[in-house]
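Chemist:
Numbering (the UniProt record's numbering), first residue to last: 1 to 443.
#1: Drop a sphere of 10 angstroms on the beta-carbon of residue 226, count the other beta-carbons inside from all chains shown, and report buried for 16 or more, exposed for fewer.
#2: Give me, in chain order, the residues of the same chain whose beta-carbon lies closer than 6 Å to that of residue 12; leave out the 5 immediate sequence neighbours on both sides.
#3: Report yes or no: do three or more beta-carbon pairs, one from the region 130-148 and one from the region 190-207, lie closer than 8 Å?
#4: Using 8 Å for Cβ pairs, my map puts residue 157 next to residue 131. What's the rounded Cβ distance?
#5: Take the Cβ of residue 36 as the centre, count every other Cβ of all protein chains shown within 10 Å, and call the residue buried at 16 or more, exposed below.
#6: Given that a residue counts as buried once 16 or more other Cβ atoms are within 10 Å of its Cβ, and exposed if not, what is residue 444?
#7: Among 399, 97, 319, whose alpha-carbon lies nearest the alpha-carbon of residue 169?
#8: Closer than 6 Å by C-beta to residue 332: which residues in its own chain qualify, once you throw out the five before and the five after it? Chain order, please.
#9: If you draw a straight line from the C-alpha of residue 391 to the C-alpha of residue 54, how long is it?
#10: For a quick check, are the C-beta atoms of residue 337 and residue 366 less than 9 Å apart?
#11: From residue 433 to residue 322, what distance separates their C-alpha atoms?
#12: Return the first residue and the last residue of the alpha helix (DSSP H) that residue 333 is part of.
#13: Is the Cβ-Cβ distance between residue 230 and residue 269 less than 9 Å?
#14: Just mark residue 87 as buried or exposed, buried being the case when its beta carbon has 16 or more other beta carbons within 10 Å.
#15: For residue 273, which option in 306, 136, 262 has the closest C-alpha, if you only look at C-alpha atoms?
#16: If you compare alpha carbons, which of 126, 164, 283, 122 is closest to residue 146?
#17: Which class does residue 296 belong to by DSSP, given the choice of helix, strand or coil?
#18: Here's the rule I'm using: 16 or more other beta-carbon atoms within 10 Å means buried, otherwise exposed. How should residue 340 be labelled?
#19: Kindly identify the DSSP beta-bridge partner or partners of residue 61.
#20: Would you tell me roughly how many angstroms separate the C-alpha atoms of residue 301 and residue 349, rounded to the nearest one?
#21: For the candidate residues 83, 289, 60, 14, whose alpha-carbon lies nearest to that of residue 25?
#22: Expressed to the nearest angstrom, what Euclidean distance is found between the alpha-carbon atoms of residue 398 and residue 425?
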């Protein structure tokens with residue numbers, strides 16, 4: 001298949017063996033289906049042009065302070081909470097949900113309201129370099145389907161979940177009876193799959209064990225298994241929540257055991273937070289192939305706790321990063337990456353033996369790690385031949401940008417500066433499966 005686009009310059013990505021691999025003066029070709037056709041050293045451009053049928057004059061040359069990197073993967077974000085992001089951070093988790101979250105999410109029965117917020121969160125996350133997002137919507141089927149449609153319209157790769165909850169909400173109008181929840185979840189899955197969107201799929205979404213009866217959890221476990229679907233929820237975010245789960249499920253050995261006994265811990269499961277998981281629970285995560293979404297901004301902003309990322313990685317549990325809007329106040333994965341490093345440094349201050357997370361490791365978590373956590377690493381997450389070209393074109397010398405560059409600073413320094421100081425102004429272009437999605441076309 002002939003290539004449609006060819007880039008030459010610096011590439012930065014992660015592999016399973018290297019947290020950061022920088023390829024200087026490489027040529028990358030993208031075919032007509034948006035997949036990476038080849039990655040070769042720049043000196044081979046003439047022979048590549050003959051093999052793949054492109055003109056060397058058509059090669060897009062990256063500037064000295066530009067590079068390509070994989071798109072970032074947000075493994076946990078509540079699209080429905082975006083309207084109040086940056087506010088309402090004064091309460092602990094359970095009070096926060098009942099005071100702020102449930103009343104706001106109940107508004108999504110209004111599709112005009114939903115369309116406004118969901119359009120804005122799609123545009124904001126894409127501008128910030130999120131090419132893949134795992135979304136919580138609300139209990140409303142039609143609004144959740146609308147989120148899927150908007151994600152497809154803008155070209156973002158997305159897992160979209162209709163939220164399921166049937167108990168323990170102090171907002172009486174924001175929950176569903178068991179049968180209605182089951183029926184509407186099946187309708188949501190059926191209708192979303194019928195659309196045959198290229199990169200938008202449903203994910204089974206029990207809110208968390210506190211707001212779901214055992215019957216509902218069993219039902220959702222069966223639905224996920226029968227339809228071979230992804231699963232997302234929350235686990236061990238807050239100490240009071242962990243205590244409450246023990247009271248609600250006395251026959252379960254742990255929070256992890258709750259999901260395990262209800263067939264909700266699979267190799268396509270991603271659980272947000274995990275701050276208080278024991279080593280025994282992490283072993284179960286590893287054995288089941290389930291993943292954790294580390295949401296450091298939210299963990300700090302709601303004073304929930306701090307995840308020991310090093311311990312999770314040592315247990316060989318799949319791990320990605322999440323913004324967790326609006327518990328996390330920023331929709332940017334760069335912020336999630338920075339807060340992950342901050343949390344690791346705090347843990348190092350508390351324990352001199354703690355091995356601090358490096359920026360290279362944080363970069364991997366934001367890209368390949370996230371795709372592994374969502375079981376999408378066969379399609380995206382790094383630059384490998386045959387994978388979809390999900391990528392950011394980063395320009396560190398953008399006019400009016402947030403970073404100053406100096407002579408002699410090589411590509412590794414340039415990348416580190418972007419990760420620590422850059423923002424959406426530095427992200428010149430965003431691609432999903434070869435399609436340029438930022439700057440936005442007229443829709």
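No residue lacks a Cβ here, since even glycine has one placed at the ideal position from N, Cα and C.
Modeler: For this structure:
#1: Around the CB of residue 226, fewer than 16 other CB atoms lie within 10 Å, so the residue is classed as exposed.
#2: 22, 67, 69, 415
#3: yes
#4: 6 Å
#5: Buried.
#6: The chain is shown from 1 up to 443; residue 444 falls before or after that span and cannot be answered.
#7: Considering only alpha carbons, the answer is 97.
#8: 128
#9: 21 Å
#10: yes
#11: 21 Å
#12: Looking at the DSSP string, the run of the alpha helix (DSSP H) that includes residue 333 is 333-350.
#13: With respect to the 9 Å criterion, residue 230 and residue 269 are classified as neighbours on the basis of their beta carbons.
#14: exposed
#15: 306
#16: For residue 146, the closest C-alpha among the options 126, 164, 283, 122 is that of 122.
#17: helix
#18: buried
#19: 8
#20: 19 Å
#21: Closest by alpha carbon: 60.
#22: When the Cα atoms are used, residue 398 and residue 425 turn out to be separated by approximately 7 Å.
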